[in-house]
Amino acid sequence: MEKPLMNFYENFEKDMKKYDHHIADPHKKLSSRYVSVEKAQNALTEWQRDLEMKAQQLEIKLSNKTEEDFKKAQRSPHRLALTSCQA
346 MEKPLMNFYE NFEKDMKKYD HHIADPHKKL SSRYVSVEKA QNALTEWQRD
396 LEMKAQQLEI KLSNKTEEDF KKAQRSPHRL ALTSCQA
């Protein structure tokens, strides 16, 4: 290799090593933050699933209660009229 090209290559390698050291610390910080964000996203997804499941359970309970109330009202229509007047 020619001398100027060889000098450029050696200087380039030194500079790259220097920059690698400067970049390594922010890279570690960034990657650890990324992991933290992923964990938080997973936790939120899990929480959302739990809330959706609880909402479905409450909807089922409410529809069952409404069905029971409707059946009771069909059996005794006067009670429903009385209770609605009292409210």
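Heads up: the sequence shown begins at 346 in our numbering, then just goes up one per residue.
Cβ atoms here follow ideal geometry from the backbone N, Cα and C, with glycine treated the same way.
The model shown is predicted, which means the values in this text are computed figures rather than measured ones.
- In this structure, the alpha-carbon of Glu397 lies about 30 Å from that of Ser377.
- Pairing Asn356 with Tyr379, the inter-Cα distance amounts to about 34 Å.
- Collapsing the DSSP output to three states places Ser381 in a helix.
- Going by C-alpha positions, Ile368 is about 21 Å away from Tyr354.
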